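Input: a single structure, listed below in structure tokens.
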Amino acid sequence: MATMLTTATDLPQTYVGTRTVRPDGVDKVTGRARFGADFNLPGQLVGRVLRSPHAHARIVSIDTSKAEKLPGVKAVVTRDDFADQPSEFIPAGEMMINYRDMVRNILAREKVLYEGHAVAAVAATSVAIAKRALKLIEVEYEVLPPVIDVMDAMKPGAPVLHEDLFTVGVEPKPDKPSNIAKRVEIAQGDIDAGFSKADVIVEREFKTQPVHQGYIEPHATLASVSEDGSAEVWCTTQGHFIVRAHCARLLGMDIGKVRVTASEIGGGFGGKTVVYLEPLAVALSKKAKRPVKMVMSREEVFKASGPTSGAHVKVKMGATKGGRFVAAYAELRYQAGAFQGSPVQPGVMCAFAPYDIDNVKVIGYDVVSNRPKVAAYRAPGAPISEFAVESVVDELAKKLDIDPVELRLQNAAREGTKAAYGPKFGPIGLIDTLHAVRKTDHYTTPLEDWQGRGVASGFWFNIGGETCVSLTVNEDGTVSLMAGTPDIGGLRASLAMVAADELGVPYDKVRPIIGDTGSLGFNFLTGGSRSAFSGSMAVVEAARQIKADLCRRAAKLWEVPVDQIEFEGGSVRPVGDAATKAKPMSVADMAKVAGKTGGPIGGYGRINAQGAGPSFGTHLVDVAVDPETGRVTVLRYTMAQDAGRAVHPSYVEGQYQGGAAQGIGWALNEEYIYGPDGKLQNAGFLDYRMPVASDVPMIDAIIVEVPNPRHPYGVRGVGETPIVPPMAAIANAIENATGIRFTDLPMSPPKVLKALKERCRNKV
Amino acid sequence: MAKHHVAAQVNGDEVEFLCETEETLLDVLRDTLNLTGSKEGCSSGDCGACSITLDGRLVCSCLVLGCEVGGRRIETIEGMARGETLHPLQQKFLEHAALQCGICTPGFLVASKALLERDRDPTETEIRYWLAGNLCRCTGYDKIIKAVMDAAAKMRRG
């Protein structure tokens, strides 16, 4: 595994950049770690949700009286237990929140908008009683025709989901409601003038299907509301402060009265940035005055959480004979699910971000249909638009007879490039990743018949945001670290490494935990590839407070001016004229005399992290196509991505490899399959086919390090970019193997076989 | 109907429990015996997060009824380490960073142990197919496979 290293800083770095064993590791290999469904309280009830059997229907009435009378039923909640919310959009990281829609998604009000939409919830003394109670709830529906496909939903005369939804971003303002929530556009230069300079133009239409985040741990929560109105919630989430905010808002409670503890989280990928069960469990517990535990089944996870958008995408790109991109145009139509808020905006912004192109225009539409409301999924929106763009780039390379990596190099965004979505890039690593994959022996290894090789690049912004970390030096010199963003894939290890290096203490003397919402100030959620980036910034801030404080304490202790004391290599020491006045004291030495020098020692990083460096990656893949079955096998996979600075290389590689594997699933097998009745036909892992170990090869992960100048260690977020390139890389490899350009995901065996057969027929 | 009274052996300990007919072994392990290391990811035998061994045979505990296990020997993730000593697979999973979120890890470890008890020297392909019943969404399997291969090598060396 090659690592191209440019040292981020010249700080003493003992642990950062090494492969330590994660501090939460032993609990996770012994079964001791407690995930969402592993929490229990005395007297707890079982909560269950009644879900809509229809894809689209008006709710005429809900009668819960029979269910309430069933012995063992302690509470039932419906729409009547939640006050309506005004329609207003609140930015939340990569997505937007509208409480009007959120309150309708957690429990349907006027209408059910997808099969599986929650209608009521019960709390009972046993699973059996809860299930019986659901059957006793009488819901009268007026069934309406559903609309599932994004293009169908945009047609005039399509069934309209929301009578109050008028397209935003078009002039004149429409006088009729439709399923098109908004139109967005970015542009730079003159698109027509650009295309007029092109010698070669490629225009293609693409289709992608919704795919689910596929975390192995279903949503789970335990809520306990006491008689004084304060609530405690344990749940699996990417952001317990967000859960607190949503529960308080939806239930009209003070934020300070809701305490949320994030369990260990069994995968999220964006899908656990929202609430489904938590407000229901709190509402049920409030009514029943007993703790209520709720866990989704896998079928519920598929039908009523996530996924990301399916989409229709049109891309047109023009290049000169010499291989310079002169114009790029795209139209994106993204499914939002039942409520507006697809990731079309980031899709629009990312589409051409890897390239330096003068003339760009991208238009996007956010479209509702009778599907579960989409949730963020790893680089939300980007994999869809960049799949289309990277496929067209490959086709341009073929038409121009230029090597696909070379063509990308000729047009790659670099420091100083103005991205069409606005900013000028600082130091970025796209070119480095292209060089890195081209240098591998993978790039030149000969292929056999029915094998093909493909390459694609990808981009994601990354974000920062509100972050609090506390660092406490204990009496014996050990360090307690508390962060407030759930650790999904090695965060605690990374933060402990940074703390150890900053304070010059051994890594195993730093114990990191994830604190609850009562223990720290507001933390935005784990998402946007922000937790290691922002968290380590906050750790540095907290550690620097401690170091300054230790210098002040030593000054008093030694009776020397504070400017003659330095913190270096884990010790305070007198320097200059005072150099001989005292012996250096380590953090542990200072901890022992803390009581005499000012009391407990600690620092508190409270930041709104800015300066997240974007991350670019390039993937290289070999596939074999079986002409008899249409099955595509991924033979070899190499990827390079810019990490800025890899705090823990193993977990950076893990992010790369995991994102690539999810992309392989998205490319080849995963899709939501609906019948004409608008019902999901594959709501289980057997039929929703995620990659298993025998579906994928080893994934060679190359870490490129172009330091992010706005982070003290040069760190960039790494979690999301890896899912962006795989779909196009694989489509390009299949084209290389078969000569057939696939534009419709997933490229599953029936589709590939059909295309191969059609070609045979056409040849005859 | 009255509950079933069942006596079985779990991780070497004799246990007795009462269960309803429809309760799965996974329900019993998690809810009655408080052994929450086995995870429920699908309850249909597709994800492998609830993998255990029953009389030495690898099974999904969500596909076994609690009332079926009378007199049988059950091994779960909680029984894998010996005192303070981790099993070589557990150690190698940590060294290779073969877990991210960790929800699938107990199932992978139990399944891998069952493999290495049958085959001391499996090939990469054999490991991939043996573990095809265990879903991991975080790692892309790369580091898991390497950890199992490394653990097998360590165990062969003794």
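Line order of the protein sequences matches chains A and B.
Each residue of the first sequence is one higher than the last, beginning at 49 in the working numbering.
Each residue of the second sequence is one higher than the last, beginning at -17 in the working numbering.
Glycine included, C-beta positions come from ideal geometry on N, C-alpha and C.
Given the structure is predicted, the values throughout are model-derived calculations rather than measurements.
Taking 8 Å as the cut-off, decide whether the C-beta atoms of residue 363/A and residue 436/A are in contact. Taking the first sequence and counting its residues from 1, one reaches residue 363/A at position 315. Taking the first sequence and counting its residues from 1, one reaches residue 436/A at position 388. Between residue 363/A and residue 436/A, the gap from beta carbon to beta carbon is short of 8 Å.
Rounding to the nearest angstrom, what Cα-Cα distance links residue 470/A and residue 333/A in this structure? Within the first sequence, numbered from 1, the residue matching residue 470/A stands at position 422. Within the first sequence, numbered from 1, the residue matching residue 333/A stands at position 285. The straight-line gap separating the alpha-carbon atoms of residue 470/A and residue 333/A is approximately 47 Å.
Taking 8 Å as the threshold (beta carbon to beta carbon), is residue 121/B in contact with chain A? Locating residue 121/B in the second sequence gives position 139, where the first residue counts as 1. Chain A, which has a Cβ nearer than 8 Å to the Cβ of residue 121/B, makes this yes.
What three-state label does DSSP hand residue 289/A in the structure shown? Residue 289/A sits at position 241 when you count from the first residue of the first sequence. Correct three-state label for residue 289/A: helix.
Residues of chain A with CB under 7 Å from residue 42/B, in chain order? For the purposes of this step, residue 42/B is taken as residue 60 along the second sequence, with counting starting at 1. Under the 7 Å cutoff, chain A gives no residues; its nearest Cβ is about 12 Å from residue 42/B.
Could you check where the beta strand (DSSP E) with residue 382/A kicks off and where it finishes? As a first step, residue 382/A is located in the first sequence; it is residue number 334 there, counting from the start. Its beta strand (DSSP E) spans residues 373 to 385.
According to DSSP, simplified to helix, strand and coil, what is residue 218/A? Residue 218/A sits at position 170 when you count from the first residue of the first sequence. DSSP places residue 218/A in coil when its eight states are reduced to three.
Can you tell me whether residue 129/B is buried or exposed, with buried defined as 16 or more other CB within 10 angstroms of its CB? Locating residue 129/B in the second sequence gives position 147, counting from the first residue. Looking at its Cβ environment, which holds 16 or more other Cβ atoms inside 10 Å, residue 129/B is buried.
Evaluate residue 773/A with the Cβ neighbour count: other Cβ atoms within 10 Å of its Cβ, from every protein chain shown; 16 or more gives buried, anything less gives exposed. By one-based count along the first sequence, residue 773/A stands at place 725. Counting C-beta atoms within 10 angstroms of its own C-beta, residue 773/A has 16 or more neighbours from the protein chains shown and is therefore classed as buried.
Coil, strand or helix - residue 520/A by DSSP: Counted from its first residue, the first sequence places residue 520/A at position 472. In this structure, DSSP gives residue 520/A an extended state, which the three-state scheme calls strand.
Best match in 316/A, 216/A, 335/A for proximity to residue 275/A [C-alpha to C-alpha]: In the first sequence, residue 275/A corresponds to position 227, counting from 1. Nearest neighbour of residue 275/A by Cα position, chosen from 316/A, 216/A, 335/A, turns out to be 335/A.
How many angstroms separate the CA atom of residue 201/A from the CA atom of residue 324/A? The residue given as residue 201/A occupies position 153 in the first sequence. The residue given as residue 324/A occupies position 276 in the first sequence. Their backbone Cα atoms lie some 25 Å apart in a straight line.
Where does residue 479/A sit, in a helix, a strand or coil, going by DSSP? Along the first sequence, one-based indexing puts residue 479/A at 431. Three-state DSSP puts residue 479/A in a helix.
Starting from residue 81/A, find everything on chain B with Cβ-Cβ shorter than 7 Å and list it in chain order. The residue you call residue 81/A lines up with position 33 of the first sequence. Here the neighbours are 84.
Mind checking if residue 314/A is an interface residue toward chain B, Cβ cutoff 8 Å exclusive? Indexing the first sequence from 1 puts residue 314/A at position 266. Yes, its Cβ sits closer than 8 Å to a Cβ of chain B.
What does DSSP give as the partner residue(s) for residue 786/A in the beta ladder? Reading the first sequence from its first residue, position 738 is the one you call residue 786/A. According to DSSP, residue 786/A bridges with nothing at all.
Is it right to say residue 346/A is buried, meaning 16 or more other beta carbons lie within 10 angstroms of its own, or is it exposed? Along the first sequence, read from residue 1 onward, the residue named residue 346/A stands at position 298. Buried, by the Cβ-count rule.
With the cut-off set at 8 Å, would you say residue 243/A and residue 401/A are in Cβ contact? What you label residue 243/A is simply residue 195 of the first sequence in a count that begins at 1. What you label residue 401/A is simply residue 353 of the first sequence in a count that begins at 1. No. Outside cutoff.
Report all residues from its chain with a CB closer than 6 Å to the CB of residue 705/A; omit the five preceding and five following residues, and keep chain order. Numbered from 1 along the first sequence, position 657 holds the residue referred to as residue 705/A. Taken in chain order, the residues that qualify are 747, 749.
Flag this pair as yes or no: are the beta carbons of residue 573/A and residue 321/A separated by less than 8 Å? The sequence position of residue 573/A within the first sequence is 525, counting from 1. The sequence position of residue 321/A within the first sequence is 273, counting from 1. The beta carbons of residue 573/A and residue 321/A sit closer together than 8 Å.
Backbone secondary structure at residue 730/A - three-state DSSP: On the first sequence, residue 730/A is found 682 positions in, with the first residue counted as 1. Secondary structure at residue 730/A: coil, using DSSP grouped into helix, strand and coil.
Which partner residues of residue 328/A appear in the DSSP bridge assignment? The residue given as residue 328/A occupies position 280 in the first sequence. Answer by DSSP bridge pairing: none, since residue 328/A is not bridged.
Can you give the Cα-Cα distance for residue 50/A and residue 701/A, rounded to whole angstroms? Looking up residue 50/A in the first sequence gives position 2. Looking up residue 701/A in the first sequence gives position 653. At residue 50/A the pLDDT is 36, less than 50, meaning the model places this residue with poor confidence; the figure from the coordinates comes in the next sentence. Cα to Cα, the separation comes out at about 11 Å.
With a cut-off of 8 Å, does the C-beta of residue -1/B fall near any C-beta of chain A? As a position in the second sequence, residue -1/B is number 17, starting the count at 1. No Cβ of chain A is located within less than 8 Å of the beta carbon of residue -1/B.
Assuming residue 412/A is part of the alpha helix (DSSP H), what are its boundary residues? Taking the first residue of the first sequence as 1, we reach residue 412/A at position 364. Membership of residue 412/A in any alpha helix (DSSP H) is not indicated; the residue belongs instead to the beta strand (DSSP E) covering 408 to 416.
Would you call the region 646 to 656 of chain A and the region 380 to 396 of chain A touching, i.e. three or more CB-CB distances under 8 Å? The region 646 to 656 of chain A makes no contact with the region 380 to 396 of chain A, as fewer than three CB pairs between them are under 8 Å.
Below-8 Å beta-carbon distance, residue 733/A vs any chain B residue: As a working mapping, residue 733/A is identified with position 685 in the first sequence. Interface residue, yes.
Please state whether DSSP places residue 625/A in a helix, a strand or coil. Locating residue 625/A in the first sequence gives position 577, where the first residue counts as 1. Secondary structure of residue 625/A (DSSP, three-state): helix.
For residue 59/B, which residues from the same chain have a beta carbon less than 7 Å from its beta carbon, with the 5 sequence-adjacent residues on both sides left out? Numbered from its first residue, the second sequence carries residue 59/B at position 77. For residue 59/B, where only same-chain residues beyond five positions count, the Cβ hits under 7 Å are 19, 20, 88, 91, 92.
Alpha carbon of residue 740/A to alpha carbon of residue 771/A, nearest angstrom: For this step, residue 740/A is matched to residue 692 along the first sequence. For this step, residue 771/A is matched to residue 723 along the first sequence. If you take the alpha carbons of residue 740/A and residue 771/A, they lie about 17 Å apart.
Where does residue 426/A land, buried or exposed, given buried means 16+ other C-beta within 10 angstroms? The residue labelled residue 426/A in the question sits at position 378 within the first sequence. Around the beta-carbon of residue 426/A, 16 or more other beta-carbon atoms lie within 10 Å, marking it buried.
What whole-angstrom Cβ distance do residue 99/A and residue 271/A have, given they're in contact under 8 Å? In the first sequence, the residue the question calls residue 99/A occupies position 51. In the first sequence, the residue the question calls residue 271/A occupies position 223. In fact, because the Cβ distance is near 20 Å, the residues do not count as touching under 8 Å.
Just how far apart, CA to CA, sit residue 577/A and residue 754/A? To locate residue 577/A, count along the first sequence from 1; it is residue 529. To locate residue 754/A, count along the first sequence from 1; it is residue 706. Annotation: residue 577/A to residue 754/A spans about 17 Å, alpha carbon to alpha carbon.
Under the DSSP definition of a beta bridge, which residues are partnered with residue 452/A? Counting from 1 along the first sequence, the entry for residue 452/A is found at position 404. Answer by DSSP bridge pairing: none, since residue 452/A is not bridged.
Just curious, the beta strand (DSSP E) that residue 268/A is in, first and last residue? Start at 1 with the first residue of the first sequence, and residue 268/A comes out as number 220. It spans 268 to 273 - the beta strand (DSSP E) in which residue 268/A sits, taken as one unbroken run.
Starting from residue 810/A, trace the alpha helix (DSSP H) in both directions and tell me its first and last residue. In the first sequence, the residue the question calls residue 810/A occupies position 762. 797 to 811 is the span of the alpha helix (DSSP H), which, as asked, contains residue 810/A.
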